Every structure is written in C-alpha cells, then in structure tokens.
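Residue numbers (my numbering): 18 to 276. Beta carbons are placed, not taken as given, at the ideal position from N, Cα and C, and that holds for glycine. Predicted model, so just to flag it, every value in this text is computed and none were measured.
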C-alpha cells in the first residue's frame, strides 16, 4: 500500500472517504469494499433490480438487433435517423463489452491475490519473486481504485463516454486489468525460474551427498580390509609366539629329562 501511495496519486475526491482503500489493512478489506461497490452498481435491491437487469439483457444482446437493423432498406425517410440509431447501437455495444470485461476481470482478482501469497510463502528469499509480486500487488490495488471509480460513476456520464469515446470507452480501467494479467504472467515466470533454480540446487546437494556416501562406503571398505589385514598379522604373530613358547617348553622338558 505504501508503494501504491508513492507511485500513484489517489483518485480525485476519494481521500478520506468510505471509498478510499489506502487506509485499509489487508486485501480482504480492499476486496470487500470493491464487492460492496460492485453490488451497488449491479443494483440487486429494490425496484431498480429488474430495471437494471432488463437493460443489461438488452445491451448484452444488442448484436442481433444491429444485424436486423442493417437489413432495413435505406429509404429516404429513414436515412436521416439511420446514422443516429447506428451510432447509439454501437455505443451500447461498446459499453456492454467493456462492462463484461471489467466484471470478468474482477472475478479473477481475488484468486490472483491468493497466488501472490502462495508464491511469496514458497519462495520467501527470492528477490525476483518478491519484486514481481510487489509490482503485481500495486497493479492490482491501482486497478481496484479504477474499478471503484467505474462503479461509482454516474450512469449519464458513462452513456456520454460510451457514445463519444468510441473504442476508448473505459480504456483506462481495461488497460489496468490487462496490466494485471501481464504482471501476473511475470510473477509466474519468476516463480517458475525460482522453482527451477531451487530444484537445481537441491539436485546439486543430493549429488554432493551421494558422493559423500560413496566416499564413506569406500573408506569403510578400505578400513575393513585394513582391519582384516591387521587381524591376520596379529594372528600370525600370535601363532609365531605360541610356536616359540611351545619350542621353549619342549626344550625345557628335554633338559629336565637329561638331568
């Protein structure tokens, strides 16, 4: 959050009010605020629910209506209004497509944040994973601020924006979601590299341990051979000593018999 504050200025009119995320303590609080704004935008309460649901159904199915309109003959008395109708239909289509992309992007945010937590736990000491994760978090928080702005924006302003901005309608919000996807791929790439590096390191450690065990086994075998050689040498010395003692006893007995 501190890097977000250092990198980006908070959206106008957001500081200190209920729609600001910058004083929140964790992702769960941020996501809950975003969900609240989304629910308010969808209008799932009261009489407005059916109105908004009907309008979204209409806008989501504007394509077939456009195709049907194109089949209308270009008659003189229709020509003056044809351009206006086509302009409005195209604006509705763009607004619907943008809304779908934004809502789909929101659905991926929470699972993406869980991935960040997982990677940082699995690779806590890898600086590249940490940096990529931090960049992704900042990008996600920035996108949340833009999404909140989208949900809070006046419907009239959205309609005018859809009509006059063309393909640039809500491009800022959509680009922030695209940026999240790019940074998410970057994090996964760094995590994959870290995993490969850790696997290679573990393999080198295992290989070193194997060499140590082989060397230990060789040393034990050599030690066993040396021990056996020493035992055989001691056995030979003992046998030689016993033979000498036996000869001395024999010699002593012979001398005793002569006396």
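key: Whole-angstrom C-beta distance between residue 149 and residue 203, which should lie under 8 Å   = As a working note, residue 203 is residue 186 in the chain shown. As a working note, residue 149 is residue 132 in the chain shown. With a Cβ gap of about 5 Å, residue 203 and residue 149 count as contacting.
task = For the alpha helix (DSSP H) holding residue 31, just list the boundary residues, first then last.
result = Within the chain shown, residue 31 is the residue found at index 14, counting from 1. First-last for residue 31: undefined, no H or E at that position.
query = Does the beta-carbon of residue 257 have 16 or more other beta-carbons within 10 angstroms, so that it is buried, or is it exposed?
reply = Position 240 of the chain shown, counted from the first residue, corresponds to residue 257. Answer is exposed; the Cβ neighbour count stays below 16.
ask   = If we count Cβ pairs, one from each stretch, closer than 8 Å, do we get three or more for the region 136-148 versus the region 196-214?
value = yes
key: For residue 164 and residue 190, believed in contact at Cβ under 8 Å, the rounded distance   = As a position in the chain shown, residue 190 is number 173, starting the count at 1. As a position in the chain shown, residue 164 is number 147, starting the count at 1. Yes, residue 190 and residue 164 are in contact; Cβ-Cβ is about 6 Å, under 8 Å.
Candidates 169, 245 and 266: closest to residue 57 by CA position = The residue labelled residue 57 in the question sits at position 40 within the chain shown. If we check each option's Cα against that of residue 57, 169 comes out closest.
Near the ligand ZN: residue 223 beta-carbon under 7 Å from a heavy atom = Of the ligands one can find in the structure shown there are none, so the ligand ZN has no counterpart to examine.
message = Within a Cβ cutoff of 7 Å, which residues of the same chain sit near residue 24, ignoring the five residues on either side of it in sequence?
response = The sequence position of residue 24 within the chain shown is 7, counting from 1. The residues are 155.
inquiry  = By the three-class DSSP mapping on this structure, what secondary structure does residue 129 have?
reply    = Walking along the chain shown from the start, residue 129 turns up at place 112. Looking at residue 129 - three-state DSSP - the assignment turns out to be helix.
task = Starting from residue 168, follow the alpha helix (DSSP H) in both directions and report where the run begins and ends.
result = Sequence index remark: in the chain shown, residue 168 carries index 151 (1-based). First-last of the alpha helix (DSSP H) with residue 168: 144-169.
request  = Output yes or no for whether 8 Å exceeds the beta carbon distance between residue 208 and residue 146.
outcome  = On the chain shown, residue 208 is found 191 positions in, with the first residue counted as 1. On the chain shown, residue 146 is found 129 positions in, with the first residue counted as 1. Closer than 8 Å, so yes.
query = Could you give the distance in angstroms between the alpha-carbon of residue 246 and the alpha-carbon of residue 226?
reply = Here residue 246 refers to the residue found at position 229 of the chain shown. Here residue 226 refers to the residue found at position 209 of the chain shown. Those two C-alpha atoms are separated by around 30 Å.
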